[in-house]
Each structure stands twice: as structure tokens, then as C-alpha cells.
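For the sequence shown, the numbering used here assigns the number 22 to the initial residue and increments by one for each residue that follows.
Working notes, structure below.
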Amino acid sequence: MENNKEELIYSPEVLDFLRNKLDDAAIGCLESVAKTKGELGLLKTKVPEFKTKRRAIETAFAVLEAQGFVETRQLGNMRPYFLTVRGEQLIDLINNEIE
22 MENNKEELIY
32 SPEVLDFLRN
42 KLDDAAIGCL
52 ESVAKTKGEL
62 GLLKTKVPEF
72 KTKRRAIETA
82 FAVLEAQGFV
92 ETRQLGNMRP
102 YFLTVRGEQL
112 IDLINNEIE
């Protein structure tokens, strides 16, 4: 089943609303996933400060996955995170905020 990209994106209003609900930990996790290129994705244990801020990072990934910004894929016995179309949309919004 092929999905149309237009069906997978959020409207600007919804995207802005969801962006305002994310904390710094979630934004940091999303940016870490976005920086990870390639077929291997990002394991949440590889996020900087995972050992000291595990609870915040676990919660951030749960929120990001529930909102459709990241997804996991089975790779052997690992389940790394990858950006979705909505995640790319949010990264663009965040990068425009910085500029």
C-alpha cells in the first residue's frame, strides 16, 4: 500500500501546536534522530546523557513516536528510531525558528 505524502503531513496549525507542547528533551532527541543518517537509525541508548537523563529521554521518545514524528523499525534484535515525514516537517519548523 502506497501512501500519498500529503496524507502524512500535519497542517501548519497542528504542527505549531504540537511543537509548542514538546519540551527541550524531546526536541533534543528529535534532532539526534535527524542528525543520524543511514540505514541504522538511532538507538535511544546512544543519545548523549542517556545514563543520567534516562527517564526524560524515554518519555521524549514515547511522545515523539505517539505524535508520529519518529518510528521504530526492527533491525535484527534492535529497534532504532527513524524520522517520519512528519518528523522532517517538524525539523524544518525548528530550523526556521533558529534562523
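All residues carry an ideal CB built from backbone N, CA and C; glycine is no exception.
When you compare only the Cα positions, how much space is there between residue i and residue j?
i: E109; j: N117; result: 12 Å
i: T105; j: T93; result: 10 Å
i: D37; j: Q95; result: 30 Å
i: E60; j: R40; result: 26 Å
i: Q68; j: V84; result: One point to set straight first is that residue 68 is Val, not Gln, in the sequence displayed. If I take the Cα positions, the gap works out to 16 Å.
i: I119; j: L43; result: 16 Å
i: G89; j: Y31; result: 10 Å
i: M22; j: F103; result: Any reading at M22 is ruled out, since the residue's pLDDT is 41, under 50, leaving its predicted position unreliable.
i: E70; j: R107; result: 26 Å
Using DSSP's beta-bridge definition, name the partner residues of residue i.
i: E92; result: F103
i: L111; result: BP columns for L111 are empty, so no partner.
i: L63; result: Y102
Start and end of the alpha helix (DSSP H) containing residue i?
i: L51; result: D45 to K56
i: F82; result: R75 to A87
i: E34; result: P33 to K42
Closest by CA to residue i, which one among the options?
i: S53; options: K65, L43, F38 and R94; result: K65
i: I48; options: S32, I78 and K58; result: I78
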